[in-house]
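Participant:
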Amino acid sequence: MVFISVHHHLQYISFLEVPKAEKTPAVKEFVALLPRPNYLLLKTVVKFLTMVAANHKVNLMTANNLSVVFGPNLTWPTDQQAFEICAFQVPIAQLNNLNNFCYRLIIDYDKIFK
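Start counting the sequence shown at 1; every next residue gets the next number (full-length UniProt numbering).
(1) Given this structure, state the Cα-to-Cα distance separating Ala-54 from Asp-110, to the nearest angstrom.
(2) Check Val-18 in the structure and name its three-state DSSP category.
(3) Work out the CA separation of Val-58 and Val-31 for me, nearest whole Å.
(4) Since Leu-42 is in the alpha helix (DSSP H), which residue starts that stretch and which ends it?
(5) Let's see if you can read the secondary structure: which residues bound the alpha helix (DSSP H) around Lys-28?
(6) Starting from Lys-111, trace the alpha helix (DSSP H) in both directions and tell me its first and last residue.
(7) Rounded to whole angstroms, how far is the Cβ of Ile-112 from the Cβ of Ala-63, which I believe are closer than 8 angstroms?
(8) Take Val-52 as the anchor and find which of Leu-42, Asn-65 and Leu-41 has the nearest alpha-carbon.
(9) Classify Ala-21: buried if its beta carbon has 16 or more other beta carbons within 10 angstroms, exposed otherwise.
(10) Only counting the same chain, and skipping five residues up and downstream in sequence, which positions put a Cβ closer than 7 angstroms to that of Lys-43?
(11) Tell me which same chain residues have a C-beta within less than 8 angstroms of the C-beta of Pro-27, skipping the five on either side of it?
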């Protein structure tokens, strides 16, 4: 299961244009648009990531490090044709945007999911 489907990709793109001060409310609004199963899975995974980040002094996995690892895995094409088009062609800028989105999910978990 993917967290952010191709269907929600346009809403995600609009998130990128939001000023920094408004990012958390924008993420919360975006996450609320996800189908219930996707929302619950994302909430569970991000909760786990917040617990890992809370122990960063021991495990060296800060919210930033976790976002680099998990950010690119938030979305993936759901049909074969889209996969063939997108596979191994994700621009670096898009990866950075996914990482920033994931970072915001982790650091503002309580504001986004509560």
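Beta carbons: idealized from backbone N, C-alpha and C, even for Gly.
Facilitator: So, from the data block:
(1) 13 angstroms
(2) coil
(3) 30 angstroms
(4) 36-54
(5) 23-32
(6) 109-113
(7) Wrong, their Cβ atoms sit about 13 angstroms apart, outside the cutoff.
(8) Asn-65
(9) exposed
(10) Phe-113
(11) Residue 27 is actually Val in this sequence, not Pro. Excluding positions up to five away in sequence, the list reads Phe-15, Phe-101, Arg-104, Leu-105, Asp-108 and Ile-112.
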